Amino acid sequence: MEHFQADQASLLDINSDHHTTASGVEAFDKVYGLGYEVGHEDWSPYPRVNKLRQAFLDRPYDIDVERLRLVTQAYQQNEASPRILQCAYAFENILLKTTLHIYPEDLILGEIAAPAKASPIYPEFSVDWIIDEILHSPFEQRANDQFYIRNDEDRAEILKLCEYWKGKSANEIITAHLDEDQKKGSHMGEKVFQTNNYHFAGIGHFAMDFNKLMTLGYDGVLTQTREAFARLSKQDPDFGEKRDYYKATIITLEAAKKYITRYALLAEKMAGKEADQVRKQELLTMAQNCHQIAGGAPQSFWQAAQLFNFAVTLTQIEGNGHSISYGRMDQWLHPFYEKDVKERAVPKSFILELIEVLYVKMNNPTKLKDKGTVKVRNGRGFGGESLTIGGVDNNGNDATNDLTMLMLEASVHTRMMNPWVCLRMHEKTPYELKIKTIECIRAGYGHPKLFNDGPAIKAMLGKGVTLQEARNYAVVGCVEPTIPGKEHGWLDAGYVNTAKMMEMVINGGRILSGPNAGMQLGPDTGSLETYQTFEQVLESVDKQFAYWCDQLCSCLNVTDKIHRTIKPTPYISAFFEGCIESGRDMTNGGVKYNGTAPQAAGIATCADSLATIKKLMFDSKKYTGTQLLDALKNNWVGYEKLYALVNSSKIPHYGNDIDEADELFTFMFECYCRHINGRINPRGGKFSPGVYTVNANVGMGLYTNASLDGRKNEEPISDNMGPVHTAGGSHDIHGPTAIVNSVTKVDHSLATNGTLLNLRFPEDAVSGTEGRDILVSFIDEYISKQGMHVQFNIMSSEKMKAAQRNPELYKDMLVRVAGYSAYFVELGKPLQDDLIQRTELRF
1 MEHFQADQAS LLDINSDHHT TASGVEAFDK VYGLGYEVGH EDWSPYPRVN KLRQAFLDRP
61 YDIDVERLRL VTQAYQQNEA SPRILQCAYA FENILLKTTL HIYPEDLILG EIAAPAKASP
121 IYPEFSVDWI IDEILHSPFE QRANDQFYIR NDEDRAEILK LCEYWKGKSA NEIITAHLDE
181 DQKKGSHMGE KVFQTNNYHF AGIGHFAMDF NKLMTLGYDG VLTQTREAFA RLSKQDPDFG
241 EKRDYYKATI ITLEAAKKYI TRYALLAEKM AGKEADQVRK QELLTMAQNC HQIAGGAPQS
301 FWQAAQLFNF AVTLTQIEGN GHSISYGRMD QWLHPFYEKD VKERAVPKSF ILELIEVLYV
361 KMNNPTKLKD KGTVKVRNGR GFGGESLTIG GVDNNGNDAT NDLTMLMLEA SVHTRMMNPW
421 VCLRMHEKTP YELKIKTIEC IRAGYGHPKL FNDGPAIKAM LGKGVTLQEA RNYAVVGCVE
481 PTIPGKEHGW LDAGYVNTAK MMEMVINGGR ILSGPNAGMQ LGPDTGSLET YQTFEQVLES
541 VDKQFAYWCD QLCSCLNVTD KIHRTIKPTP YISAFFEGCI ESGRDMTNGG VKYNGTAPQA
601 AGIATCADSL ATIKKLMFDS KKYTGTQLLD ALKNNWVGYE KLYALVNSSK IPHYGNDIDE
661 ADELFTFMFE CYCRHINGRI NPRGGKFSPG VYTVNANVGM GLYTNASLDG RKNEEPISDN
721 MGPVHTAGGS HDIHGPTAIV NSVTKVDHSL ATNGTLLNLR FPEDAVSGTE GRDILVSFID
781 EYISKQGMHV QFNIMSSEKM KAAQRNPELY KDMLVRVAGY SAYFVELGKP LQDDLIQRTE
841 LRF
């Protein structure tokens, strides 16, 4: 371990004498409360922010028809054009014609071609489920994640417009290109793996090059594009394709300029009618900001924040992808902060207010998802709006600055779902930043989540990036590290239900029970009735994983190619290194680093299942393989004694610092990573494994038969990197230190797409100065042991049960679900119950 830590230190090259002078508006050790309080007062010191926050909470989740109307119109008018130009013309049509909105009290402009909190429709990707759900499963009647269509006229128009897209959407074309073996294991079949994200929606999980945008502005990027276009030779065998790419890029960037100018003109018009002189001046300043950044680079912090919001929402208008993340915002915004505060004497308090206004604004984009997806993953936002702060700089020194602290203060003052604040930590993270972070965590709203620079940087180096690039990693989505503006990683590409793979391992590749019991789903690699040694079981695991990873990755490669054909993204591509230079869109491999990154769910379920097999079938020989299979086929009915034994400490379980159990988890972890890592995708990049479930363990469990870790039919599988908890009891019984010791026995950097660990403490376990300092020490230990990620719920089971009983009292109570926080009362009951069942830890 000492040698490994030395290696990490050399990667970081941390100056041990570096000490932060960074500060926020408030004291670094200010206490923000302990958990959620019913009937709380406003958290922000700024009345404007509290009004904007309440306005957001009061708005309904609507479905807006305007984008659907405008994109359909553009495609109908340009059916003969190359697809990339069709996409550009549609983007342009939306930006020139969509209705603009400026809301009371707002200081940052720009939505996603729909009113605040309303979801647009993206027919380019899929429409069949929209038609089906309008007719047979209305969105407003869902158990959770409801959306509302305003009137019958909108409903009729949506159905009519969607008819045009039948046979043209990515979903239908992807499905037509899959074979039966691929389908039967996917979300269309038995759900061994699910590729919903990119099957039904656009590319996402990236962070664009904000430094480039802030330095060059749209005019600078246009100049770069035109100069590259001028160099294009007709001797190039791909001349026609590259010509169309450059034309499309110019169309989209010019449209962005015109769109921002439209906002400037609207703000000026509203200012002319505004009686309140303070608001009038705000509108005029916003107009001036928009005129400046419509083409030029921002000159102030306010203008930079405004350009950022336009840039991000425009990617959502074009691409529909999940998890459009914000990069290292405390780093790329810092030059504007310094200029304003030091040169223009802008009060630091006004900078904080602007950040808080921006944070509230980040919650406005919402996304309509199909009922299958929301059953697996609850949430009506785009998801994954991660904002990374802290960490080391290009030279390996601590990068904490004033904005790092201010962005934490803004988070605890707003306490909303977005942004997902991600704090990068390392062995020399300043004490003041640690304390500020802990006080935010103890406030009980689930932010920030913590990332360890050591294993994260090592993981990025494993992808083949340079050390300087690796040190500049940012988090996208829930936990995925990426290089802003240089990597198109197709992160969160698919979920693999390893518990269903294990079902194939123990039953000859056949389904155990249910309507399809006995169906041959995977290859016959043996069963509990045929294995003679435990080593044969492990060999079968390896064979099943190889087969199912082949099926998964081949599906993702088909999907990847269809996105290139159906929905290139020239606007987004302009802000990634390599695209303009090569004349290739990001969907066509234009970005410097390309990847595909699916993630494994249920690793602990598999590990504890293996522990049961080893202990009862081979070590003690108390049960035969036939008996174990019969118990599962009968959902443990008639096997109550065995069920209690499997859920007891008499079986060595992962999460208790027991080497025998933890070695099985390590085997499963490494097996999955080995079978994913290094495969080649259609963009010339490589596959990267992740080990996390977000909240998909609940939805996946609904489609998973009983398992030998002590689960019953339809119970959640294990959550992320965490230990098993079933209705029969939590398998981790030795406290948080034991969990950390178990979790860090694996090399997290092998999961180059990230890992995720949830921990939950009741409020009284971390109360007072003593509780704060214990939590600091606990996190320090986790960092030193090279865990990649950890996040906390500071919330008792009783409080969540109270919210279930009286949801009207807990409307804005955030809970850390997995890689994100969400309003507890808006989650589906199965997910609520899973959160309540998670082990309540104490030191």
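All the letters of the sequence shown, read from the start, carry residue numbers 1 to 843 under full-length UniProt numbering.
All C-beta atoms, glycine included, are put in the ideal place defined by N, C-alpha and C.
Since we're looking at a predicted model, the values are computed, not measured.
Starting from the Cα of residue i, find the closest Cα among the options and give me that residue.
i, options, result
"residue 579", "228, 100, 35", "228"
"residue 706", "306, 499, 187, 219", "499"
"residue 256", "392, 354, 570", "570"
"residue 75", "46, 169, 45, 37", "169"
"residue 709", "674, 329, 602, 362", "602"
"residue 839", "656, 761, 492, 135", "761"
"residue 451", "784, 405, 287, 368", "784"
"residue 387", "344, 441, 332, 364", "332"
"residue 25", "289, 535, 307, 403", "403"
"residue 507", "495, 757, 524, 360", "524"
"residue 807", "816, 825, 815", "825"
"residue 267", "283, 258, 526", "283"
"residue 408", "399, 395, 426, 389", "389"
"residue 722", "757, 504, 29, 675", "757"
"residue 161", "73, 189, 193", "73"
"residue 149", "663, 416, 66", "66"
"residue 462", "212, 752, 653", "752"
For residue i, which of helix, strand or coil comes out of DSSP?
i, result
"residue 15", "Low confidence applies to residue 15: its pLDDT is 40, below 50, so where it sits in the model is not reliable, and the reading given next is rough at best. Coil."
"residue 725", "strand"
"residue 95", "helix"
"residue 545", "helix"
"residue 520", "strand"
"residue 112", "coil"
"residue 600", "strand"
"residue 408", "helix"
"residue 49", "helix"
"residue 21", "coil"
"residue 746", "coil"
"residue 583", "coil"
"residue 845", "Because the chain in this structure spans residues 1 to 843, residue 845 falls outside the shown range and cannot be described."
"residue 780", "helix"
"residue 186", "coil"
Quick check on the burial criterion: 16 or more other C-beta atoms within 10 angstroms. Buried or exposed for residue i?
i, result
"residue 233", "exposed"
"residue 432", "buried"
"residue 239", "exposed"
"residue 349", "exposed"
"residue 124", "buried"
"residue 405", "buried"
"residue 281", "exposed"
"residue 844", "Outside the displayed span of the chain (1 to 843) sits residue 844, for which this structure offers no information."
"residue 615", "buried"
"residue 678", "exposed"
"residue 754", "buried"
"residue 411", "buried"
"residue 823", "buried"
"residue 688", "buried"
"residue 276", "exposed"
"residue 63", "buried"
"residue 135", "exposed"
"residue 540", "buried"
Give me the DSSP bridge partner(s) of residue i.
i, result
"residue 686", "595, 680"
"residue 420", "386"
"residue 398", "392"
"residue 759", "792"
"residue 193", "496"
"residue 202", "321"
Under a CB-based cut-off of 7 Å, is residue i close to chain D?
i, result
"residue 364", "Any reference to chain D falls outside this structure, which holds one protein chain only."
Going along the chain, which unbroken runs of the alpha helix (DSSP H) with 4 or more residues stay wholly within the region 218–286?
The region 218–286 contains these whole alpha helix (DSSP H) runs: 239–273.
Which parts of the region 449–501 are runs of the alpha helix (DSSP H), unbroken and 4 residues or longer, counting only runs that do not cross its ends?
The alpha helix (DSSP H) runs lying completely inside the region 449–501 and spanning 4 residues or more are 453–462, 467–471, given in chain order.
Residue ranges of each alpha helix (DSSP H) within the region 622–697, 4 or longer:
Taking only runs of at least 4 residues, the alpha helix (DSSP H) segments lying wholly in the region 622–697 are 625–633, 640–646, 659–676.
List in chain order: all unbroken alpha helix (DSSP H) runs of 4+ residues lying wholly within the region 144–176.
Taking 4 residues as the minimum length, the alpha helix (DSSP H) runs contained wholly in the region 144–176 are 152–164, 170–176, in order along the chain.
Kindly provide the ranges of any beta strand (DSSP E) runs that are 3 or more residues long and lie completely inside the region 329–390, ordered along the chain.
Listed in chain order, they are 386–390.
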